[in-house]
Amino acid sequence: MTALAEYAAVPARRPLLARRHVTPALLLLPCLAWIAFFFLVPLGLMCWRSFAASGYSLHDYAALFTSPLYAKVMLTTLKAASLATALALLLAYPVAYVLTMSSGLRRGLILVFVFIPYWVDIIVRSFSWLIMLGDHGLVNKALINLGIVRAPLELLYNTFSVLIAMVQILLPLTIVILFGAMLRIDRTLVAAAKIHGASGWQAFRTVFFPLSLPGVYGAGLLVFVLSLGFYVTPALLGSPRQTMIAQTIMVEASDLLDWGQASAAGFVLLVITTTIAAIYNRYFSLDRLWGGSEP
Amino acid sequence: MIETSGFALANRVRMDRSTQSTVSSGAQVRLRKLSKAYSGLAAVDGISFDVPAGAFVSLLGPSGSGKTTTLNLIAGFLTPDAGDILIDERSVADVPPHKRNIGMVFQSYSLFPHMTVADNVGFPLRMRSKLPRPAAQKRIAEMLALVQLSHLGARYPRQLSGGQQQRVAMARALVSAPRLLLMDEPLGALDKKLREQMQAEIRRIHRSVGTSVVYVTHDQSEALTMSDLVVVMHRGRIAQIGTPRALYESPADAFVADFIGDSNLLAATVIESGREACKVKMHGGAIVGTPPAPFAVAPGAPTFLLIRPEDMSLQLQTCAQTDGREQLPGMITELSFHGDVFKLAVTVGDDVLKAKVAREQGGSLELGRQVVLTWRRDAARLLPPASDEASGIKATTP
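Note that the protein sequences, when read in sequence, are chains A and B. With the first letter of the first sequence counted as 1, position 242 gets the number 248 in our numbering; the numbers rise by one all the way through. With the first letter of the second sequence counted as 1, position 198 gets the number 246 in our numbering; the numbers rise by one all the way through.
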């Protein structure tokens with residue numbers, strides 16, 4: 007019956023520029039214009055410069071792939087990003103789960119506490135870790151006063167401090183993405199598991215957890231891509247050994263003024279990120295994060 | 049409140065069963081003064097009823113009548129504020145859902161989307177019994193055969209039609225031979241034809257497994273056709289418990305009469321009340337005889353007169369010889385054809401009465417025609433007036 011009604015509603019001839027095509031296009035236009043001018047054009051310029059600066063050659067790219075520095079920095083970046091992503095997911099999952107299972111005031115309160123750090127600027131948050139983790143910082147003072155350690159631990163300017171700050175910055179976003187994905191899990195499925203003999207833990211393990219995995223994969227990708235580009239945090243809290251690719255590009259561009267080299271590095275980072283996202287999306291379809299169907 | 053003896057019913061059910069191969073027996077469920085309120089509002093208000101072992105009991109009522117809450121209390125998803133539930137004479141107050149040994153079919157089927165049909169059906173076996181793998185496989189195959197889906201075990205739920213998902217949900221609920229099966233409006237999402245087919249299917253499966261069933265529905269015809277016993281619920285309370293036939297023929301009040309089946313429910317005033325017969329005056333002034341009221345009435349008291357439309361017949365002229373029939377002259381003001389029957393409305397003075405006549409008797413019917421409406425006096429029934437606002441019934445007279 008519905009099909010028939012729809013059929014009847016379709017006019018005999020549809021003009022190419024029918025109203026219903028024009029309106030969405032108009033609505034998208036401001037956003038598309040913004041993206042084109044402030045994103046696509048600079049990106050094009052960057053790509054052009056990466057070839058043009060060396061007299062239209064692949065010289066700057068060759069330098070990237072022959073210098074051991076870039077390989078090392080890229081590896082550090084991938085390692086830090088993977089670790090931060092894994093830790094963020096691990097810490098965010100229980101919080102997102104509790105958020106999903108609670109309601110009303112409790113859910114509201116948890117969300118506020120998740121978001122408060124999110125509203126604070128990344129630089130401020132990174133600096134606050136300097137204060138927390140320094141030799142005379144809160145953590146070391148507490149440890150010494152409690153008699154657990156005698157001399158202050160070296161908590162700053164190493165992989166530990168970079169990771170802890172990265173994870174803290176990534177957590178709110180990770181929690182919110184996971185929470186959104188978990189909300190879409192049909193809770194009567196858990197009830198169905200329970201009435202058919204599953205204890206609370208079994209119902210979680212056999213039904214809720216597997217159904218939450220698409221959300222975990224999706225959140226993982228978004229957080230990973232985000233953490234590849236971290237700049238302020240490793241710059242403030244890391245040592246040269248924790249240098250990440252964004253810092254290197256910054257040094258090339260603003261200290262060495264080698265814009266060609268910086269552009270080439272930026273472009274390679276973009277290609278690597280896009281490739282990872284594409285491969286990942288091939289196996290763990292991101293659509294599922296937005297409610298698309300499973301494979 | 050009219051109650052059918054649970055014992056007699058259980059016997060009847062058992063006799064029905066004796067012709068079938070009984071796989072498992074059903075549990076006896078007793079609800080004792082069960083109450084549940086949500087933020088001060090009583091969803092279920094002190095209800096008590098019994099589910100005889102092996103019986104098919106429907107909870108019938110409009111939305112918000114508390115039937116789903118009752119089902120969730122039996123399942124253990126909700127904790128009662130007061131009262132108790134006994135399954136096989138044992139209180140289940142402290143038993144979590146997964147230890148109640150209940151099967152359940154949900155309104156949206158709630159099949160696990162990440163498991164195949166066979167894994168869905170096998171789920172209770174994996175959770176409940178440590179059945180060795182071959183035995184479990186055999187049991188799953190048996191259940192799939194029972195619901196006629198043997199060829200679809202490797203599919204995923206989303207690859208099945210609504211009716212097929214329904215069958216999988218049945219198979220999953222019954223695979224571990226639970227003694228009690230709960231069903232929450234399981235056919236609500238299906239179209240009419242498939243729904244009728246599945247009603248017969250559910251009855252067949254119920255007969256072959258012998259499990260007690262508590263079935264929630266708002267569809268009165270579904271409750272009538274499927275159940276041994278129907279519990280009519282209204283605003284958190286039980287309006288009436290009885291066999292489908294008892295509810296239809298002897299509704300306890302205007303709410304039940306109106307909710308179950310088509311009815312003429314006419315506001316009237318008692319004129320004469322006797323042990324053998326009564327006389328009432330209808331809203332429009334017509335006076336008709338009725339059987340004695342099943343409750344105390346005095347002349348002048350308000351009452352409801354119930355006559356089922358199918359008990360009405362039409363003739364062209366008033367007969368002198370009435371032999372136990374009432375007759376009222378009127379005019380046909382509505383007429384519709386339904387395949388097997390004509391449904392029509394006859395206006396008699398200020399009253400409008402509904403009638404239903406077989407197709408072959410409808411040849412000369414037309415709108416505006418003067419006819420005489422007749423019915424057997426003992427087919428009519430007097431019902432108590434709505435005691436309070438709660439029954440929410442409006443008489444069919446304007």
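Cβ atoms here follow ideal geometry from the backbone N, Cα and C, with glycine treated the same way. Predicted, not measured: the structure shown is a model, and the values here were computed from it.
Sixteen is the threshold: when 16 or more other Cβ atoms of the shown chains lie within 10 Å of the Cβ of residue 311(B), as they do, the residue is buried. Exposure of residue 111(A) is indicated by the presence of fewer than 16 other C-beta atoms within 10 angstroms of its C-beta.
For the segment 207-221 of chain A, residues whose beta-carbon sits nearer than 7 angstroms to a beta-carbon of chain B comprise 208, 213, 216, 217. The C-beta distance from residue 180(A) to residue 94(A) rounds to 4 angstroms, short enough to fall under 8 angstroms. CA-to-CA, the gap between residue 242(B) and residue 211(B) works out to about 7 angstroms. When rounded, the separation of the alpha-carbon atoms in residue 354(B) and residue 304(B) is 11 angstroms.
Chain A places no beta carbon closer than 8 angstroms to that of residue 227(B), leaving this residue out of the contacts.
Nearest CB-CB separation between residue 199(B) and chain A: not below the 8 angstroms threshold.
The beta-carbon distance between residue 346(B) and residue 321(B), rounded to whole angstroms, is 6 angstroms. This is short enough to meet the 8 angstroms contact definition.
The C-alpha of residue 121(B) is placed about 9 angstroms away from the C-alpha of residue 84(B). Around the Cβ of residue 230(B), a 10 Å sphere holds 16 or more other Cβ atoms; the residue is buried. When DSSP states are grouped into helix, strand and coil, residue 359(B) belongs to the helix group. With a cutoff of 8 angstroms on beta-carbon distance, residue 144(B) and residue 112(B) are scored as not near each other.
For residue 96(B), the enclosing beta strand (DSSP E) starts and ends at 89-99.
Residue contact with chain B for residue 204(A): present (Cβ-Cβ distance below 8 angstroms to some residue of chain B). For residue 377(B), the uninterrupted beta strand (DSSP E) segment begins and ends at 373-385. Close partners of residue 133(B) in chain A (Cβ separation under 7 angstroms) are lacking, with about 14 angstroms as the shortest Cβ gap. Taking 8 angstroms as the upper bound for CB-CB distance, residue 165(B) and residue 197(B) are in contact here, some 7 angstroms apart. Taking a contact to require three or more Cβ pairs closer than 8 angstroms, the segment 259-277 of chain A and the segment 62-70 of chain A qualify as touching.
Taking 8 angstroms as the CB threshold, residue 106(A) stays off the interface with chain B. The shortest CA-to-CA distance from residue 298(B) to any of 256(B), 432(B), 177(B) is the one to 432(B).
In the DSSP assignment, residue 126(A) is bridged to no other residue.
In this chain, the alpha helix (DSSP H) harbouring residue 151(A) covers 144-151. In the DSSP assignment, residue 326(B) is bridged to 321(B), 338(B).
For residue 122(B), the enclosing alpha helix (DSSP H) covers residues 115-123. Within the segment 190-234 of chain B, the complete alpha helix (DSSP H) runs of at least 4 residues fall at 210-222.
In the DSSP assignment, residue 94(A) falls within the alpha helix (DSSP H) that extends over 74-107.
Using a Cβ-Cβ distance cut-off of 8 angstroms, the segment 235-252 of chain A and the segment 126-137 of chain A are in contact, since at least three pairs of beta carbons, one from each stretch, lie closer than that value. One thing to note: residue 104(B) has its Cβ no nearer than 8 angstroms to the Cβ of residue 361(B). From the listed residues 74(A), 280(A), 105(A), 285(A), the smallest Cα separation to residue 183(A) is found for 105(A).
If you draw a 10 Å sphere on the C-beta of residue 251(A), you find 16 or more other C-beta atoms in it, and that means buried. Residues 123, 226, 228, 230 of the same chain have their beta carbon placed closer than 7 angstroms to that of residue 150(B), with the five preceding and five following residues left out of the count. Nearest in C-alpha terms to residue 233(A), of all of 203(A), 170(A), 208(A), is 170(A). Secondary-structure assignment with DSSP links residue 139(B) through a beta bridge to 134(B). At least one CB atom of chain B sits nearer than 8 angstroms to the CB of residue 200(A).
In the three-state reduction of the DSSP assignment, residue 84(B) falls in the strand class.
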